[in-house]
Amino acid sequence: MGLTDGTVLGATKLVHHGSDQKRWTLVLVAEGYQATEMAKFQTDAQSFVTKLFATPPFDTFQAAINVYRLDVASTDSGADDPVACSGTGAAPATFFDASFCSSGDIPTPVRRLLRVNEANVLATVRDHVPHWDMIMVVVNSTVYGGFGGDIAVFSTAAHAMDIGIHEMGHTAFGLADEYPYWAGCGVDVDHDHHPATEPSAPNVTLDSNRATIKWRDLVLASTPMPTTSNINCTACDPQPNPLPATTVGAYEGAHTYHCGAFRPQFNCRMRVLDAPFCAVCRREIAQRLAQHLPRKKPKKPRTRPRKPRTPRVGMKKPKRRSRRGGHR
Ligand SMILES: [Zn+2]
2 MGLTDGTVLG ATKLVHHGSD QKRWTLVLVA EGYQATEMAK FQTDAQSFVT KLFATPPFDT
62 FQAAINVYRL DVASTDSGAD DPVACSGTGA APATFFDASF CSSGDIPTPV RRLLRVNEAN
122 VLATVRDHVP HWDMIMVVVN STVYGGFGGD IAVFSTAAHA MDIGIHEMGH TAFGLADEYP
182 YWAGCGVDVD HDHHPATEPS APNVTLDSNR ATIKWRDLVL ASTPMPTTSN INCTACDPQP
242 NPLPATTVGA YEGAHTYHCG AFRPQFNCRM RVLDAPFCAV CRREIAQRLA QHLPRKKPKK
302 PRTRPRKPRT PRVGMKKPKR RSRRGGHR
């Protein structure tokens, strides 16, 4: 199992906007691709870059970003899919031991939680791309899944790239999940009320007071606070958005709990995969990427000395011709 189950083929720089030390440098790592599937990884990696650069606010920060692709061939194709999470029981031999049905920080495993041997990923990337800001492992599996730990992971299931950008929100930008469930809306029994501790992430909160909420500068005086409330905390709030989609407020149901936690907009990429990032998440990402933008070049010094100005002392300001006294 592990590093003997394949070969590292090498790194290729897909996007080059300057030195890796100065730019925000992303490395896309292949996992569960056999040598004969490497062309598919190359297509998957390029598709991810295209998608990322079309996603606000990344679209306006392209100059801040470098991207590498690290080709790694595994002995077998895919990822482990344990029967404990109603998976197929598949257990392919792959370089970074990718597996669905991980438990994250809690004891209950969930099939969509897809993790890899992070120490092996870090060691392999270090050998090929010494300076990086973000590592994403692309797992060649049609089963839906991802994870946003120290290293982000996503599968190549339908909407895979959207999962990847969501996981990037966790790993690189400290954003929390804005969806209101853990195992599922009708499945959870212990996610009715958020614990009393305020989350540190900038995009979820227990505080729906307009004067003190984290994103208060984005809330209009005309927006009700809280904006929506969940009347049945044993389930996810089923009500549709009562306000326009871009309204920033305090929508109840967030951070994997049905009640007690609020999200900034009705929808966001940190809640559902087919939504853009909300205004609060966009601002957080933009502030971090802005630190990696190239500095504007200083103007070139003049080669010829400036001609001395004629002193204006005593000069009369020319009289302004009145409109009526114009060309007659
Ligand atoms: Zn958001």
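Basically this note's numbering = 1-based index in the sequence shown + 1.
Glycine included, every Cβ here is placed at the ideal spot set by N, Cα and C.
For clarity, every value in this text was computed on a predicted model and none was experimentally measured.
- Beta-bridge partners of Arg272 (DSSP): none assigned.
- For Trp25, the pairing in a beta bridge is given by DSSP as Ile66.
- Taken from the Cβ of Asn242, every heavy atom of ligand 1 lies 6 Å or farther away.
- Ranked by how close their Cα comes to the Cα of Phe59, the residues His167, Leu244, Thr248 and Val154 have His167 in first place.
- Beta-bridge pairing by DSSP links Asp72 to Gly11.
- The beta carbon of Ala291 sits closer than 8 Å to those of Phe62 and Ala65, all from its chain and outside the five residues before and after it, given in chain order.
- Distance from the C-beta of Asn204 to the nearest heavy atom of ligand 1 is below 6 Å.
- Looking at the DSSP output, Thr229 shares a beta bridge with Tyr252.
- Around the beta-carbon of Gln35, 16 or more other beta-carbon atoms lie within 10 Å, marking it buried.
- Here Arg264 is buried. Its C-beta has 16 or more other C-beta atoms within 10 Å.
- Secondary structure of Arg113 (DSSP, three-state): coil.
- In terms of Cβ geometry, Phe148 and Arg112 do not form a close pair [threshold 7 Å].
- The DSSP-derived three-state label of Ser103 is strand.
- Per DSSP, the beta bridge partners of Arg264 are Tyr252.
- In the assembly as shown, His293 is a buried residue. Its beta-carbon has 16 or more other beta-carbons within 10 Å.
- DSSP places Ala153 within a strand segment (E or B) once states are collapsed to three.
- For Asp82, the secondary structure class from DSSP, reduced to helix, strand or coil, is coil.
- Under DSSP, Val138 takes part in a beta bridge, and its partners are Val30 and Val154.
- Met39 has its Cβ no nearer than 6 Å to any heavy atom of ligand 1.
- Taking all protein chains in view, the Cβ of Ile232 is surrounded by fewer than 16 other Cβ atoms within 10 Å, so the residue is classified as exposed.
- Tyr180 and Lys41 have their C-alpha atoms roughly 31 Å apart.
- Distances from the CA of Gly19 to each of His129, Ala12 and Asn67 were compared; the closest alpha carbon is that of Asn67.
- According to the DSSP secondary-structure assignment, Phe148 is paired through a beta bridge with Val154.
- Assigned with DSSP and collapsed to three states, Thr5 falls in coil, not helix or strand.
- For Val281, DSSP assigns no beta-bridge partner whatsoever.
- When the beta-carbon positions are compared, Cys260 and Met271 stay at least 7 Å from each other.
- For His192, the closest alpha carbon among the candidates Ser209, Asp238, Phe174 and Lys215 is that of Asp238.
- Taking a contact as a CB-CB distance under 8 Å, the pair Val205 and Ala255 counts as one, their CB atoms being some 5 Å apart.
- For Ala158, same chain residues with a beta-carbon under 8 Å away, outside a window of 5 residues either side, are Ser142, Thr143, Val144, Tyr145, Gly146 and Ile164 in chain order.
- Spatial neighbours of Phe54 in its own chain (CB-CB distance under 7 Å, excluding positions within 5 residues in sequence) are listed in chain order as Asp60 and Gln63.
- In this structure, Val84 is the residue among Asn210, Val84, Leu29 and Pro93 with its C-alpha nearest to the C-alpha of Ser103.
- Beta-bridge partners assigned by DSSP to Tyr180: none are found.
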